[in-house]
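In what follows, a structure is listed as structure tokens, so that the remarks can point back to it.
Residue numbers (full-length UniProt numbering): 1 to 949.
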């Protein structure tokens, strides 16, 4: 609600940037009616106003500082002119008009005319519009200068001018022809031509302030992600607030011309401008009341008094402007609605794209598993990968590693973040961190900019970035003694490093192109003419010399900026509105907005852009277009793996890769490629065994629980890298066997439920328990597909739902499965989050409404001793499959009228483990044998290309 209110005010400011130039110029030009023949002025006003508007917007590219150099002389001349004319009219026509300053006459006027007085407020409002343009951008003037100018020059001049017009009207109120141009009527005839010229110049200058304010507010919206990227040109090397945006400039010009030509009179344009200004005032008053409480730390009583007093006055004027909606006031509403839709579409699409990048980021452990060379050839140079993520490895880097034969020796994951403050101090500009051990030469840099800060030029930026890395290396020279595990735990610890000009604490960059044989810094002398880059560091700092030498050599080789572009598409089954917003609206804005290279001021010559990086910012249901009943009924065994030395305890599919992992009583963990039905790798864990297992987000890392050789007081969970058969981390805390394990679909968190009657929350990055829930009975856990909610099954058939972000506050809902007191041994959410699938220890399967807990249907399977079974959803959530104690696999359609659609002999005994692949038309069933099931060739559905990962 607060965001919507702020965006409405912002859009009205942009609309005012269209209306104010049109109104100011047309009002000034309307004086031609008195200085030109009555038969000609109506043919002159509109063309002259359009010519002046075109010239005004054309001059914008020269910069505000050039046009602004005429600001003071023109404004001072105009203010002195209108005050002198006002003083003349007061003395000549009615010296007693000064009494009108008393509020008594205002009260008397309101009391006498009532409704007519209220309606006139819409016109009276125009007396103050225009003066607010001084506040359009404080980047040009200080607050003190505006206060002094307004109090001692602007306000007295306006009072004298309006009192002079009132004095003139008090003696000429019997005529009606001059009400349209009352100001020029009050000007002496001999002065009308000079006053007309000064008025036009003043209108141009006043319009300039509003246009610049529009540029500034669009720049701030773009920095905060609420407006498409635009090319921002800074027209002044001294004042950062003086900017020029070509696209917006020409759009404003076209809209101004359209308004001027359409209305051709000041009445309708004035009504439109009045409503825009009043809306901005109302929004500002509402937001200022929050500033009083949150920023000024004053009592809420002050805020209430403020909003009641000023809000009451503004509502009166606002309501008076609304009655003129059909007389021109609809224009700002239409313009602001268009800009609001653009802002909403861009913000929504950008947010979804960021969420996809965040959910698909790669854990740091994947990088560690590649080794110092990252599995590719490292060449000299600095590779700067731009990413929106501030933690983890962006998925685009995985694409580089798997598709490029070589990469740079020094790798920097670079992120620009615009924070909601005007400026970030130079000494707090960079957040620097190291990813992995020192030998990897991988760094993370977060550059923080305020919404009014200026991005540095490429050369200055490169020098500052390299100096900041060098300063980070120097200040963390003692970290080399830390183990890789400690580096892994501290990956998110960032250090604040200032720019080279603000934080030169012994680190200084220098460059030359001379032939030299001396060693002035840590670089080796070279008997060639070349560009040399070096650092001057304290003599006492020797521990980081090798790392700095490599940084210097990489800088000499050059820096490459790497940008990856993702494409956002609405997922299948989305509503028509969402498809229009994403596939049409956002895609159109993305293709027509400024590229990131220009938006970030990156040098084009050293920038590598990947325009077809195939990411979709909406997780698709599966790679198949549709599952039908015929396809499900025609499933058959495609592959069998029978070389297990015991029963299979658990199996899991990776969410985005065609991989399956199993854990077995023979202490083995096995990796399979399900696309080719091949066993990829087998590892044995004799010390701890392998019980429950699940994939992390990385395709070569899993979480596994122990099933024997436990410590006397603690059960262990292990974070395993299957790439090099290494245990990355132990998680201790449970005092009983882990019976349920679930990975969060959105971050590095996971949950475990144990027979010690506890559920623990963990984070892959640290081995300390993040939270604990103490429950009754055998706790079984599961996340929903968005990771926002998790469910915990308890004793007596109770299902508790928790908010994953605030689970410490207790469950927000509890469901009871009536009539069945058996413990729940498995929970699954459907992909759409609407249903939950429960399997109990007595082999009953229940389908529940995930929102209300209502039992939709239930199925009873044959029992077989102490063996439990597992049930699974298909990816579309339309079918349920379950094993049975009689060695069969059953399938049901769970639509409006649930019905059984299939039953097969499993050929492997009792299928204790059963799961459908997230991205394939297949499922896996396991007992002591693993089987892959796929539809027959005749019934296979058409396959869509799987997105690369």
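Positions of the beta carbon are idealized from the N, C-alpha and C atoms, including for glycine. Predicted, not measured: the structure shown is a model, and the values here were computed from it.
Exercise. For chain D, is any of its Cβ atoms less than 8 Å away from the one on residue 436?
Worked result: Of the protein chains in the structure, only one exists, and it is not chain D.
Q. Within this structure, are the beta carbons of residue 793 and residue 814 separated by less than 8 Å?
A. no
(message) Check whether the stretch 343-351 and the stretch 692-709 touch, using three or more Cβ-Cβ pairs below 8 Å as the test.
(response) no
* Asked: What separation, rounded to the nearest whole angstrom, lies between the Cα atoms of residue 270 and residue 25?
  -> 12 Å
* To do: Can you tell me which of the three DSSP states residue 538 falls into?
  => Any reading at residue 538 is ruled out, since the residue's pLDDT is 48, under 50, leaving its predicted position unreliable.
**Message:** Report the CB separation of residue 441 from residue 411 in whole angstroms; it is logged as a contact under 8 Å.
**Reply:** 7 Å
* residue 70, buried or exposed, once every other Cβ within 10 Å from all chains shown has been counted against 16 -> exposed
Open item on the list: If we require 4 or more residues per run, which alpha helix (DSSP H) segments fall completely within the stretch 688-745?
Closed with: none
Does DSSP put residue 253 in a helix, in a strand, or in coil?
helix
Checklist entry - Counting pairs of beta carbons, one from the stretch 147-164 and one from the stretch 73-88, are three or more of them closer than 8 Å? => result yes
Q.
I believe residue 262 touches residue 21 by the beta-carbon criterion, under 8 Å. Please report the beta-carbon distance rounded to the nearest angstrom.
A. At roughly 15 Å, the Cβ-Cβ gap does not stay under 8 Å, so residue 262 and residue 21 are not in contact.
Open item on the list: Three Cβ pairs or more, each shorter than 8 Å: is that satisfied between the stretch 185-195 and the stretch 549-558?
Closed with: no
TODO: Measure from the alpha carbon of residue 842 to the alpha carbon of each residue in 387, 889, 562 and 859, then state which is nearest.
DONE: 859
**Asked** Around the Cβ of residue 872, are there at least 16 other Cβ atoms within 10 angstroms (buried) or fewer (exposed)?
**Response** buried
With DSSP as the reference, label residue 285 as helix, strand or coil. helix
> Going straight from the alpha carbon of residue 225 to that of residue 150, what length do you get?
Replying inline: 34 Å
Query raised in the report: Which residues in the same chain as residue 777 place their Cβ atom closer than 6 Å to its Cβ, once the five residues preceding and following it in sequence are excluded?
Result: 794, 795 and 823
Let's test the definition: count the other Cβ atoms within 10 Å of the Cβ of residue 62 and tell me whether it reaches 16, buried, or not, exposed. exposed
Check: When DSSP labels each residue in this structure, what does residue 519 get in the three-state scheme?
Finding: Note that residue 519 has pLDDT 34, beneath the 50 cutoff, so the model's placement of it is unreliable and the number below is only indicative. Residue state, collapsed to three classes: coil.
ask   = What is the DSSP secondary structure of residue 753, counted as helix, strand or coil?
value = strand
| said: DSSP has residue 872 in a bridge; who is on the other side? | reply: 881
Chain-order list of residues whose beta-carbon lies under 7 Å from that of residue 696 (same chain, five-residue window excluded)
363, 702, 703, 743 and 764
Check your understanding: DSSP on residue 61, reduced to helix/strand/coil?
Key -> helix
inquiry  = Taking the beta strand (DSSP E) that residue 212 belongs to, which residues open and close that run?
reply    = Note, residue 212: premise wrong, no beta strand (DSSP E); alpha helix (DSSP H) at 192-223.
Taking the DSSP output, what are the residues bridged to residue 852? Residue 852 is not bridged to any residue.
message = For a minimum of 4 consecutive residues, which ranges assigned as the alpha helix (DSSP H) are wholly contained in the stretch 277-362?
response = 300-322 and 330-359
For this session: Assign residue 73 to buried or exposed, taking buried as 16 or more other Cβ atoms, counted over all protein chains shown, within 10 Å of its Cβ.
Result: exposed
* **Residue from 916, 545, 349 and 424 whose Cα sits closest to the Cα of residue 454** => 424
Three-state secondary structure assigned by DSSP to residue 951: As shown, the chain starts at 1 and ends at 949. That puts residue 951 outside it, with no answer to give.
Let's test the definition: count the other Cβ atoms within 10 Å of the Cβ of residue 315 and tell me whether it reaches 16, buried, or not, exposed.
exposed
| message | I need the DSSP call for residue 20, collapsed to helix, strand or coil. | response | helix
TODO: Return yes when the Cβ of residue 468 is within less than 8 Å of the Cβ of residue 445, no when it is not.
DONE: yes
Margin query: Within the continuous beta strand (DSSP E) that includes residue 655, where are the two ends?
Written below: No beta strand (DSSP E) contains residue 655, which DSSP labels as neither H nor E.
Straight-line gap, residue 266 to residue 834 (C-alpha atoms, nearest Å): 57 Å
Starting from the C-beta of residue 769, find all residues in its chain whose C-beta is less than 6 Å away, skip the five residues before and the five after it, and write them out in chain order.
-> 733 and 760
Quiz item: So does the stretch 646-654 actually touch the stretch 915-933, counting three or more Cβ pairs closer than 8 Å?
Solution: yes
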